[in-house]
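Peer 1: Please read through the structure below; I'll follow up with questions.
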Amino acid sequence: MLIPARRFLSENFPLYYPFGNTGVRNVLKDCRFVGDNVKILFLGSGDLRNALAAAGNRKNLNSIHIHLNDLNPSIVARNILILKVISAPDFDAENKEDIAFLWDLWYNAEWPISTHERFKSVLKKLLDNELPDNVVIPKSNYLITLRTIWSTLSSISSKTKSESDLFMKKIRRERKNFLVDGWYKMHLTDAGLDENSMASSFPEEVDGYAFYLATKFLGFDESVKKKPLIQRMLDPTTNLWQVHYQLCPFDGYLPLTREELDAPNNKGTLIRTCQKIFQSLVSDYKKRIDGIKFFFHVEDALEFCLSQSTLSFDVIDCSNLVDHIGLVHLINACERILSDTPGGMLFTESMTWISLAPSELEYVEKALCCPLSMIPTVYGLKLTNHVELGASTPTNNLIRNPMRTILFCWKKASTFQNVRLSSTPELSHCLNRIAQKCSLFRLKETKNSTRPSKGTKVDRSILGIEISFTLLTLSYVVNSMISRVGGDPLNFRADAVKIPSVYNLYRRTLEAWKNKEIVVKLSSNLETNLLNQIESNSIRTPSMRIVLAPLNKFQNNCSQHVFGQKFTVFDYELSDPEIHVIDNFELQVKQNANGEIQTATISFLLMPDHGSQLPLVAKELSMKVDSCIESVDQYTLQIGIESSKNISGLIVSPIPKQCLPCESVHGLSLSLSQPNNIKPLKLSFPFPILVKDVRATLHRKNRVIDLVLKKALYEPWPYEFQTKQSRWIVDNFKPWEDGISKEDSVLTHLAIQFKTNVFQVAEKTDAIVKLSALNQVRLIIKSLFCEAIINNQEFVNIRGKDSTQSPDWYIRVHLPVRISPLGSPVLLLSAIDHRFAENLASQGKIDMQESNDDFTRIFESPKLKKHPAGRSSTIWTFTSEEELLLRYVLRLNSTKIVPSTWQKNNLPQGENSPWLATFVSPLYDDCPAMIQESLATVQLQKEINSSNQPTRCVACKKIPQNLKRCSRCRTGFYCSVECQRGHWTQHKNVCNNSRK
12 MLIPARRFLS
22 ENFPLYYPFG
32 NTGVRNVLKD
42 CRFVGDNVKI
52 LFLGSGDLRN
62 ALAAAGNRKN
72 LNSIHIHLND
82 LNPSIVARNI
92 LILKVISAPD
102 FDAENKEDIA
112 FLWDLWYNAE
122 WPISTHERFK
132 SVLKKLLDNE
142 LPDNVVIPKS
152 NYLITLRTIW
162 STLSSISSKT
172 KSESDLFMKK
182 IRRERKNFLV
192 DGWYKMHLTD
202 AGLDENSMAS
212 SFPEEVDGYA
222 FYLATKFLGF
232 DESVKKKPLI
242 QRMLDPTTNL
252 WQVHYQLCPF
262 DGYLPLTREE
272 LDAPNNKGTL
282 IRTCQKIFQS
292 LVSDYKKRID
302 GIKFFFHVED
312 ALEFCLSQST
322 LSFDVIDCSN
332 LVDHIGLVHL
342 INACERILSD
352 TPGGMLFTES
362 MTWISLAPSE
372 LEYVEKALCC
382 PLSMIPTVYG
392 LKLTNHVELG
402 ASTPTNNLIR
412 NPMRTILFCW
422 KKASTFQNVR
432 LSSTPELSHC
442 LNRIAQKCSL
452 FRLKETKNST
462 RPSKGTKVDR
472 SILGIEISFT
482 LLTLSYVVNS
492 MISRVGGDPL
502 NFRADAVKIP
512 SVYNLYRRTL
522 EAWKNKEIVV
532 KLSSNLETNL
542 LNQIESNSIR
552 TPSMRIVLAP
562 LNKFQNNCSQ
572 HVFGQKFTVF
582 DYELSDPEIH
592 VIDNFELQVK
602 QNANGEIQTA
612 TISFLLMPDH
622 GSQLPLVAKE
632 LSMKVDSCIE
642 SVDQYTLQIG
652 IESSKNISGL
662 IVSPIPKQCL
672 PCESVHGLSL
682 SLSQPNNIKP
692 LKLSFPFPIL
702 VKDVRATLHR
712 KNRVIDLVLK
722 KALYEPWPYE
732 FQTKQSRWIV
742 DNFKPWEDGI
752 SKEDSVLTHL
762 AIQFKTNVFQ
772 VAEKTDAIVK
782 LSALNQVRLI
792 IKSLFCEAII
802 NNQEFVNIRG
812 KDSTQSPDWY
822 IRVHLPVRIS
832 PLGSPVLLLS
842 AIDHRFAENL
852 ASQGKIDMQE
862 SNDDFTRIFE
872 SPKLKKHPAG
882 RSSTIWTFTS
892 EEELLLRYVL
902 RLNSTKIVPS
912 TWQKNNLPQG
922 ENSPWLATFV
932 SPLYDDCPAM
942 IQESLATVQL
952 QKEINSSNQP
962 TRCVACKKIP
972 QNLKRCSRCR
982 TGFYCSVECQ
992 RGHWTQHKNV
1002 CNNSRK
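Each residue of the sequence shown is one higher than the one before, starting from 12 at the first, in my numbering.
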């Protein structure tokens, strides 16, 4: 089967990941399934940790089917072997010997004799077709491949001691060379080394550290005599070392929480903690083994997804496949097999996203070639992460390594109903951006550099994201979109966008193949010496494409120019009708005992000019959508009315019925009072629309309805208001002081919201206005925290700087600062949306006297009674976009929590209540820069504020009888004007940011 992703040479040399390099994650944690046969798919599954976590921690599920897919048959064979061990009736997860045996199988390179003998016994059972009772292998060719691997392992295990010693000596040498070469490719240009000094320059400390980790990861009993056995980590066909040189066993357990850390003493803390987590994982699975079935699939992830016609899955986890095959391919393939249920979820993970963009929002939009608000239309999925608000958790280990893994959760988006989408500049721009990536043809855009010269900086952009696109990518995306949204195929078809002429034959062939017309499969042998040279000399993963051209089109020797990166045909003869480029093909490679390519065969499809596209047939309606134009922020529709009678009485109603306090819906119903026999027209949209901003105009003469619908860009989605089960219970939050070190202060978290030091940016009001709306809201969050924890202020109002109206928000702060489940500081708020309250009052939906009584009662406090002259502080807003985004954050956060007991007893409830039980927490920058400078500024501010007491002068520290307060911010106290002027350089940052 042809897959849309570009072929890489590494697909035929799969590196082995015997254990995961990311922390275990229970994919059912936030799912709300009840019943039987919930289906989970792990694409590119790697080891079994996530599968065991899902099986052992399922809630209200009697049975689950877990499907595990991996292209590497060695990984699948190993997983079945481990399940054979765990699922055996005599295996006891609480028994030290049983767990030690399993630990050896999973992590250790060298085993004791007891493990070796027990391992051979398990292998023999598998070779006798005694699979675990809960394991299913759907295809017979899978089982043949797996049996070959088990047979190879059995053969190696049966070596004599002398044979084993010689074999281990060879493997250790291969392992060291593998690590050296991998390190060289990653760090050569940074270290400024040449090829001749590679082995001698490999740092001794790296090898020593690897040995240290190996000795510490030997298992539970280190006094047992070891026998050298590492057959599970070898290529089953060549017996060569193939474990990725960057893989570390500890990565699969980090980061650790304080509760998980087993630290009675410093020695062996990490290994004991990892083993304890490992044992708990296995024990939970063993307790709930009934009702679990495992299905194993040994094939390419995209091929598996695109070939499924009957299977659909409730949960799909893709690990970090996006880093290898691209986000477009993955979500396009998974959207087809993700179940259309409220609980259905798709997880994608990236470890290398920072190579593409500096923020999560930019990464998503660049990887998908599409603005965030149009992703539901183009791809049929909605992103549940609010990437437009920055990161939800702080970056780990900021100063040492600012990179972090990001996890995205996707759900099926609502579909268009009775809407035929028209071509728009924005949509065409999205498709053309995909087309441009699909047809990258110039060498400088796709070349695989050989070893660079000394001092050359290597661009390590991830090819899986940037150049995995092919023309078939565009075809799959376009056809998937048409099947969901409708529209004229002539507007969206793959050949409607700009594609270089060298792809004409390729494009026609793909259309014919897609339409199941006759095509011819051609095969050709490749020059293996050339492939071996490319593989061994590339510092990046070599990508591949086929160029069909007469030999005389190349200058001199073809092989020389291919290897020398001199494709002059690409630069000068792109319009030549005799030259054709093909990106989708099959490559089969066999290696010899030395790991070199022995044979290589390439197969591809070709045919003469064929193919056509069938127009979609719309159902005849009394009212039908003639056009729908989508832009980044709105839908514009024109609806035709097929009736010769008089028309009047247009009524637009949200569907389903609007569930307040949510202000958006996915659907609308349009009806006419005259004539009375016209059926209502029901419309639905993938991105929610604002009910209050629906603009509908009935043109009686022309018999059309103009409909303009604003997207709810600054409003939580309807499902976020409806989800109740997974909300945080704030009454259970611990105070921030409990267990938190002084270095991990609230102010530090507030500082790393920003990429640069914004404490000094706010010196002038003009500078604040020039900040992005997100950074302006971050400043407001910082001010709320500072007012509460520094100035002990309980009441705050927020208002526009140039507004003559009353404040937009009145807020009561509930101290102390708490710790969220994500580890970030949380400030609980009771807030009234004053503009919304005024609108409700004007509509007669609330009683003004009752509202005023509520306001007085909620804003009463012992502190205010004790100091009746006290007043609330004011935080200013400067732009309308800032105000919209702030309202969005407060409303969104209100959907994440269960109100506190005080809020339940005191805040007015109901659909028409302007009150919110909400919170604020830092909106972290995805990749904060200049963190040292920010932390230094925070420390300075803490030192300044620590002296901010009304009994002492901030500057000279004297205690005079009368202190004078800074009239601008009212937080600094001075004994004289001279002290105030002398202290201004330190005080101005605090003063300007207070904005009183």
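Using N, Cα and C, we set each Cβ at its ideal position, and we do this for glycine too.
Can you grab the Cα-Cα spacing for the pair leucine 903 / glutamate 310, in whole Å?
Peer 2: Locating residue 903 in the sequence shown gives position 892, where the first residue counts as 1. Locating residue 310 in the sequence shown gives position 299, where the first residue counts as 1. Computed Cα separation, rounded: 41 Å.
Peer 1: Who are the near neighbours of leucine 52 in its chain, counting only those whose CB is closer than 6 Å to its CB and skipping five residues on each side?
Peer 2: Position 41 of the sequence shown holds residue 52. Here the set comprises His78, Phe324 and Ile327.
Peer 1: Considering only their Cβ atoms, is the gap separating valine 339 from leucine 383 smaller than 9 Å?
Peer 2: As a position in the sequence shown, residue 383 is number 372, starting the count at 1. As a position in the sequence shown, residue 339 is number 328, starting the count at 1. Cβ atoms of leucine 383 and valine 339: not closer than 9 Å.
Peer 1: Tell me which same chain residues have a C-beta within less than 8 Å of the C-beta of serine 169, skipping the five on either side of it?
Peer 2: If you number the sequence shown from 1, residue 169 lands on position 158. Within the same chain, serine 169 has close Cβ partners Lys131.
Peer 1: For the beta strand (DSSP E) that contains glutamate 641, what are its first and last residues?
Peer 2: Within the sequence shown, the letter at position 630 stands for residue 641. It spans 634-641 - the beta strand (DSSP E) in which glutamate 641 sits, taken as one unbroken run.
Peer 1: Between which residues of its own chain and glycine 983 is the CB-CB distance below 6 Å, once the five residues before and five after are set aside?
Peer 2: Here residue 983 refers to the residue found at position 972 when the sequence shown is read from its first residue. Only Val965, Cys977 and His998 meet the Cβ criterion.
Peer 1: Would you mind stating whether alanine 66 and tyrosine 296 have Cβ atoms separated by less than 9 Å?
Peer 2: Here residue 66 refers to the residue found at position 55 of the sequence shown. Here residue 296 refers to the residue found at position 285 of the sequence shown. In contact: alanine 66 and tyrosine 296 (Cβ atoms closer than 9 Å).
Peer 1: Helix, strand or coil for tyrosine 264 per DSSP?
Peer 2: Residue 264 sits at position 253 when you count from the first residue of the sequence shown. Here tyrosine 264 sits in helix by DSSP.
Peer 1: The alpha helix (DSSP H) with arginine 711 in it runs from where to where?
Peer 2: By 1-based counting over the sequence shown, the position of residue 711 is 700. Note, arginine 711: premise wrong, no alpha helix (DSSP H); not H, not E.
Peer 1: Let me confirm a value: proline 50 is counted as buried when at least 16 other C-beta atoms fall within 10 Å, else exposed. Which label applies?
Peer 2: As a working mapping, residue 50 is identified with position 39 in the sequence shown. The identity of residue 50 in the sequence shown is lysine, whereas the question assumes proline. Buried, since its Cβ has 16 or more Cβ neighbours within 10 Å.
Peer 1: Report the start-end ranges of each alpha helix (DSSP H) in the stretch 279-364 that is 4 residues or longer and not cut off at the edges.
Peer 2: Qualifying alpha helix (DSSP H) stretches, in chain order: 280-298, 312-318, 333-336 and 338-348.
Peer 1: Within this structure, are the beta carbons of leucine 681 and serine 659 separated by less than 9 Å?
Peer 2: Locating residue 681 in the sequence shown gives position 670, counting from the first residue. Locating residue 659 in the sequence shown gives position 648, counting from the first residue. Cβ distance not < 9 Å, so leucine 681 and serine 659 don't count as in contact.
Peer 1: Please report how far the alpha carbon of methionine 555 lies from the alpha carbon of serine 535, in whole angstroms.
Peer 2: What you label residue 555 is simply residue 544 of the sequence shown in a count that begins at 1. What you label residue 535 is simply residue 524 of the sequence shown in a count that begins at 1. Going by the C-alpha atoms only, they are around 15 Å apart.
Peer 1: So phenylalanine 130 is in the alpha helix (DSSP H); what residue range does that whole segment cover?
Peer 2: Taking the sequence shown and counting its residues from 1, the one referred to as residue 130 is at position 119. Segment 124-138, the alpha helix (DSSP H) holding phenylalanine 130.
Peer 1: Put alanine 842 into one of helix, strand or coil per three-state DSSP.
Peer 2: Residue numbering aside, residue 842 sits at position 831 when the sequence shown is read from its first letter. In the structure shown, alanine 842 sits in a strand (DSSP, three-state: E or B).
Peer 1: Using three-state DSSP, classify phenylalanine 732 as helix, strand or coil.
Peer 2: Numbered from its first residue, the sequence shown carries residue 732 at position 721. Here phenylalanine 732 sits in helix by DSSP.
Peer 1: What does DSSP give as the partner residue(s) for leucine 392 in the beta ladder?
Peer 2: Here residue 392 refers to the residue found at position 381 when the sequence shown is read from its first residue. Beta-bridge pairing links leucine 392 to Lys423.
Peer 1: Taking the straight line between their C-alpha atoms, what separation do you get for methionine 179 and isoleucine 303?
Peer 2: Position 168 of the sequence shown, counted from the first residue, corresponds to residue 179. Position 292 of the sequence shown, counted from the first residue, corresponds to residue 303. Those two C-alpha atoms are separated by around 38 Å.
Peer 1: One question on the structure: do glutamate 922 and leucine 671 come within less than 9 Å of each other, judged by their Cβ atoms?
Peer 2: Counted from its first residue, the sequence shown places residue 922 at position 911. Counted from its first residue, the sequence shown places residue 671 at position 660. In contact: glutamate 922 and leucine 671 (Cβ atoms closer than 9 Å).
Peer 1: Under 8 Å by Cβ, that's how I've got glycine 813 and proline 925 pegged, so tell me the actual separation to the nearest angstrom.
Peer 2: Residue numbering aside, residue 813 sits at position 802 when the sequence shown is read from its first letter. Residue numbering aside, residue 925 sits at position 914 when the sequence shown is read from its first letter. Sequence inspection shows aspartate at residue 813; the glycine mentioned does not correspond to that position. In fact, because the Cβ distance is near 23 Å, the residues do not count as touching under 8 Å.
Peer 1: Do the CB positions of cysteine 316 and cysteine 345 come within less than 9 Å of each other?
Peer 2: As a position in the sequence shown, residue 316 is number 305, starting the count at 1. As a position in the sequence shown, residue 345 is number 334, starting the count at 1. Yes; because the gap between Cβ atoms is below 9 Å, this pair is in contact.
Peer 1: Consult DSSP for asparagine 536 and reduce its assignment to one of helix, strand or coil.
Peer 2: In the sequence shown, the residue the question calls residue 536 occupies position 525. Note: asparagine 536 maps to strand in three-state DSSP.
Peer 1: In three-state DSSP terms, what is threonine 481?
Peer 2: As a working mapping, residue 481 is identified with position 470 in the sequence shown. It is coil, neither helix nor strand.
Peer 1: Do serine 817 and glutamine 914 count as a contact pair if the criterion is CB distance below 9 Å?
Peer 2: Residue 914 sits at position 903 when you count from the first residue of the sequence shown. Residue 817 sits at position 806 when you count from the first residue of the sequence shown. Against a cut-off of 9 Å, the Cβ pair of serine 817 and glutamine 914 comes out as no contact.
Peer 1: How would you call alanine 95, buried or exposed, if buried means at least 16 neighbouring beta carbons within 10 angstroms?
Peer 2: Here residue 95 refers to the residue found at position 84 when the sequence shown is read from its first residue. Position check: residue 95 holds lysine in this sequence, whereas alanine was assumed. So lysine 95 counts as buried.
Peer 1: Note down, in chain order, each residue of its chain lying with its Cβ closer than 8 Å to the Cβ of cysteine 1002, except the 5 sequence neighbours on either side.
Peer 2: Along the sequence shown, one-based indexing puts residue 1002 at 991. Correct list, in chain order: Cys977, Arg979, Cys980, Thr982 and Gly983.
Peer 1: According to DSSP, which residues form a beta bridge with histidine 825?
Peer 2: Residue mapping note: residue 825 aligns to position 814 of the sequence shown, counting from 1. In DSSP, histidine 825 forms a bridge with Leu839.
Peer 1: Considering only C-alpha positions, which residue in the set Leu292, Leu267 and Gln290 is nearest to threonine 1067?
Peer 2: Residue 1067 cannot be examined here, being either before or after the span of the chain that is shown, 12 to 1007.
Peer 1: Over the uninterrupted beta strand (DSSP E) stretch that includes tyrosine 646, give me the two end residues.
Peer 2: Looking up residue 646 in the sequence shown gives position 635. First-last of the beta strand (DSSP E) with tyrosine 646: 645-652.
Peer 1: What would DSSP say about glutamine 920, mapped onto helix, strand or coil?
Peer 2: Numbered from its first residue, the sequence shown carries residue 920 at position 909. Glutamine 920: coil per DSSP, three-state reduction.
Peer 1: By DSSP, does aspartate 232 sit in helix, in strand, or in coil?
Peer 2: Working through the sequence shown from its first residue, we reach residue 232 at position 221. Its pLDDT being 40, under 50, aspartate 232 is placed unreliably in this model, and the value from its coordinates should be taken loosely. Aspartate 232 falls in the coil class under three-state DSSP.
Peer 1: Quick check: what's the CA-CA separation for alanine 784 versus leucine 790?
Peer 2: For the purposes of this step, residue 784 is taken as the residue at position 773 of the sequence shown. For the purposes of this step, residue 790 is taken as the residue at position 779 of the sequence shown. Alanine 784 and leucine 790: Cα-Cα distance of roughly 10 Å.
Peer 1: With a threshold of 8 Å on Cβ separation, who are the neighbours of threonine 912 within its own chain once the five nearest residues in sequence on each side are excluded?
Peer 2: Taking the sequence shown and counting its residues from 1, one reaches residue 912 at position 901. Hits under 8 Å: Asp742.
Peer 1: With leucine 598 and valine 530 assumed to form a contact (beta carbons below 8 Å), what rounded beta-carbon distance in angstroms separates them?
Peer 2: Looking up residue 598 in the sequence shown gives position 587. Looking up residue 530 in the sequence shown gives position 519. Incorrect: roughly 18 Å between the Cβ atoms, too far for contact.
Peer 1: Please list, in chain order, all residues of the same chain as isoleucine 593 whose beta carbon is under 6 Å from its beta carbon, the five residues on each side excluded.
Peer 2: As a position in the sequence shown, residue 593 is number 582, starting the count at 1. Result list for isoleucine 593: Tyr517, Ile557 and Phe615, in chain order.
Peer 1: Within its chain, find whatever has a CB closer than 8 Å to the CB of isoleucine 700; leave out the 5 residues flanking it on each side and keep chain order.
Peer 2: Here the question's residue 700 lines up with position 689 in the sequence shown. For isoleucine 700, where only same-chain residues beyond five positions count, the Cβ hits under 8 Å are Tyr646, Ser675, Val676, His677, Leu679, Leu720, Lys721, Lys722 and Ala723.
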